[in-house]
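Numbering (the working numbering), first residue to last: 31 to 118.
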């Protein structure tokens, strides 16, 4: 899971970089948008001794510049960088 010191603030513009480890390299994907929602949601997966016996994931919902809505599952390879007005 992503370890966040403070939860992302809705309305903030961010750049999210995620990495997928693959053999001797990492596949990287980056997306920029405005946070519309951040929450933990349970999945259909069963996980012993977890809250409600379900697997819970951190999920971040972004609205991209073209209006597309993207839902990201956050993990330990996710980096969230808040963008300043100068970086937009």
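C-beta: ideal position from N, C-alpha, C; glycine also.
Answer yes or no: do residue 100 and residue 63 have a C-beta to C-beta separation smaller than 8 Å?
yes
Can you check which of these residues, 48, 102, 96, 105, is closest to residue 58 by C-alpha distance?
48
Looking at residue 85 and residue 104, is the spacing between their C-beta atoms short of 8 Å?
No, the Cβ-Cβ distance between residue 104 and residue 85 is not below 8 Å.
Going by DSSP in three states, residue 53 sits in which element: helix, strand or coil?
coil
Check for me: the beta strand (DSSP E) holding residue 106 runs from which residue to which?
Where residue 106 is concerned, there is no enclosing beta strand (DSSP E), given that its DSSP letter is neither H nor E.
Roughly how many whole angstroms lie between the Cα atoms of residue 92 and residue 37?
C-alpha separation (whole angstroms): 14 Å.
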